[in-house]
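Residue numbers (my numbering), protein chains in the order written: chain D, 62 to 400; chain C, 62 to 400.
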């Protein structure tokens, strides 16, 4: 109980509970009484506002989750993992979207300083090139945890999956299914996870003496459909494709359907994806599935360790492995015919 | 330029820019100088915090978007529409998820009062039964706009689609494709949009003298799969299904695949859905597609009309029609065989 509330109650001859309710703008209190209480509270410099109390306690009870997008199923599931922890701790989760725009990320991160939120979980837009805004946050008092997409230049707590191994396993699976011309679809940029996946893919191909073929996609849908259409009509078109981004993998499906290229008979496809309905696609999609919920949960748990227990978690790194789920899109015989 | 900053600079014999940077906790300023500035600023009751200035101006430059979930593609697209407007206005969009939990919605809405956000866009969890929290927000100074899922008991600005007509059109389409036993899958509760869709469906069936069959689904996945499995194994099983919720429609697909019930030959399916990859499903899914992006954009535009121009938008209602997109899941002949 605040001393000020008691004082206001005494001075205005009101019950403490009435003042408290008036200050929290309860509908139980008349507008007239509220006005009296607010006016007097203002004179005492008592500000009945969640942020006023956050200024005192240094706690907003908000955490920020900064994500590239929510249309990607990985992120929409990861949010649930984060919230499962935050809710238990009595914190509000605010989701901010960067839409893969570094300027937007910079502006959001700037806003995350100075008391607006108590901690930040982020899956970054860029890689190591532009990270001053992250470094500024890092050197402030706001705990910062990376998940999935990390900025390697900043050594703070992180939760990742085994991207190198996942890239290797995906390529190995296609090789075992008889593919000879395996392409890797990536987004240009210097995202560490893309590099790791690509490194794993390249190693698997080198181990078998196969040619590496990395295709950089556009983030504009129309441009990318045209690019894929072009690639899939070439005489030496890939007989195996690894889509490192969910959206791009769906575009490969769209183009194959349009061009009547049979999956998996003519081209086999694996996607890095957390699509719950991968099994319902035509044909069902083989995925490398990241542990999205677990990663979100682990990241939030690290953040609260820093927030509540004031522990230094900056050097903690948690790796949760991904899983290959084989389905019809990479299968050679029976399974594919059945579906 | 704040008068206080000038005064602090003068009294402490510092440059104004140094004080300004110190107050925004810049890494360019030494810890010692920052401490001096903060201490003196506190004495002058000048609080260098975004919320402190928001207390003065009554503006947090945040808007809240309160949604049931982001795994549903409608909401993930609607967010983009909302953000396209908010960003242009220089506002931050904070996304809060209720996970279809009325208690969570109540707690979030409570937090949205008292200066934390300047306005609220919401797609509600419940219907008319429990809405005291929404009424409290409504009667406060925070502008409130409903989109898609409205609470009809509260007359405030709203952006909706033509749910009644959509339900009618979906049922009519199935009737035209020869279906006789058409089921409507709904969630129990008193969500207005579900009722309107259901009313439209029922009217279309009555117009043709067909029996109405509404099936209430569980929000627990396992329970619902068991329910659907049961219904689809009955001798009088539906030959047409309308899924009013995206998630449930995907569960119907899962059960049909598992039981080897051929879509569309044995059962035809329409989903209320905004899935971008509906065309890639096996078979491609006929959808009633809501204008998610446009609805989000229109809702945000209404909110800013109230926020910036102080216009009363409480009686505004915008209806943006949905579209039926026929695909293989309801087609009788050629198209279905081809896919």
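Ideal Cβ positions, reconstructed from N, Cα and C, are used throughout, including at glycine.
All values reported here derive from a predicted model rather than from experimental measurement.
In this structure the segment 158-168 of chain C does not lie against the segment 377-385 of chain C, because fewer than three pairs of beta carbons, one per stretch, are closer than 8 Å. One finds 311, 314, 315, 318, 342 and 343 in chain C with Cβ atoms closer than 8 Å to the Cβ of residue 341 of chain D, taken in chain order.
Here the alpha carbon of residue 150 of chain C sits roughly 54 Å from the alpha carbon of residue 294 of chain C. Residue 380 of chain D and residue 264 of chain D have their alpha carbons spaced roughly 21 Å apart.
For residue 144 of chain C, the chain D residues whose C-beta falls within less than 9 Å of its own C-beta are 158 and 160, listed in chain order.
Cβ-Cβ separation between residue 389 of chain C and residue 325 of chain C: approximately 7 Å, consistent with a contact (criterion under 8 Å). For residue 130 of chain D, at least one C-beta of chain C is nearer than 9 Å to its own C-beta. Short of 7 Å from the beta carbon of residue 138 of chain D, and not among the five residues preceding or following it, lie these beta carbons of its own chain, in chain order: 335, 353 and 354. Near chain D, meaning a CB-to-CB distance below 9 Å, no residue of the segment 354-374 of chain C qualifies. With the criterion set as a beta carbon lying under 8 Å from some beta carbon of chain D, the segment 279-307 of chain C has no members that meet it. For residue 172 of chain D, a Cβ of chain C is located within less than 9 Å of the residue's own Cβ. By the rule that beta-carbons nearer than 9 Å mark a contact, residue 148 of chain C touches chain D. Rounded to whole angstroms, the separation of the alpha carbons of residue 391 of chain C and residue 145 of chain C is 35 Å. Within the segment 194-246 of chain C, the complete alpha helix (DSSP H) segments of 4 residues or longer fall at 224-237, listed in chain order. Per DSSP, reduced to three states, the secondary structure at residue 347 of chain C is strand. Annotated as proximal: residue 211 of chain C and residue 254 of chain C, with beta-carbon spacing under 9 Å.
With respect to the 9 Å criterion, residue 127 of chain C and residue 183 of chain C are classified as neighbours on the basis of their beta carbons.
Exposed is the label assigned to residue 241 of chain D, since fewer than 16 other Cβ atoms lie within 10 Å of its Cβ.
The alpha carbon of residue 224 of chain D has as its nearest neighbour, out of D:218, D:79, D:75 and D:258, the alpha carbon of D:258. The CB of residue 155 of chain D comes closer than 8 Å to the CB of 155, 156 and 157 in chain C, given here in chain order. Any Cβ of chain D closer than 9 Å to the Cβ of residue 140 of chain C would place that residue at the interface, and such an atom is present. A residue is called buried once 16 or more other Cβ atoms fall within 10 Å of its Cβ, and residue 209 of chain D is buried on that count. It is roughly 44 Å from the alpha-carbon of residue 141 of chain D to the alpha-carbon of residue 269 of chain C. In the structure shown, the three-state DSSP call for residue 329 of chain D is strand. Chain-ordered listing is empty here: chain C has no CB closer than 8 Å to the CB of residue 163 of chain D, the nearest sitting near 14 Å.
For a Cβ distance threshold of 8 Å, residue set 88 of chain C lies close to residue 200 of chain D, ordered along the chain. A residue is called buried once 16 or more other Cβ atoms fall within 10 Å of its Cβ, and residue 239 of chain C, having fewer, is exposed. The segment 354-370 of chain C makes contact with the segment 195-208 of chain C; the number of CB pairs closer than 8 Å reaches 3 or more.
Only exposed fits residue 100 of chain C, as fewer than 16 other CB atoms lie within 10 angstroms of its CB.
Residue 322 of chain C places its beta carbon 9 Å or farther from that of residue 348 of chain C.
A check of alpha carbon separations from residue 193 of chain D across C:369, C:131, C:297 and C:88 identifies C:88 as the nearest. Annotation for residue 316 of chain D: 286, 289, 290 and 293 place their beta carbon closer than 7 Å to its own, counting only its chain and skipping 5 residues before and after. Comparing C-alpha distances from residue 84 of chain D to each of C:75, C:174 and C:132 shows the shortest one belongs to C:174. Ranked by how close their Cα comes to the Cα of residue 244 of chain C, the residues C:236, C:250 and C:180 have C:236 in first place.
Residue 365 of chain D is a Cβ neighbour of residue 180 of chain D, given a cutoff of 9 Å. Listed along chain D are 311, 314, 315, 336, 338 and 342, each with a C-beta nearer than 9 Å to that of residue 338 of chain C.
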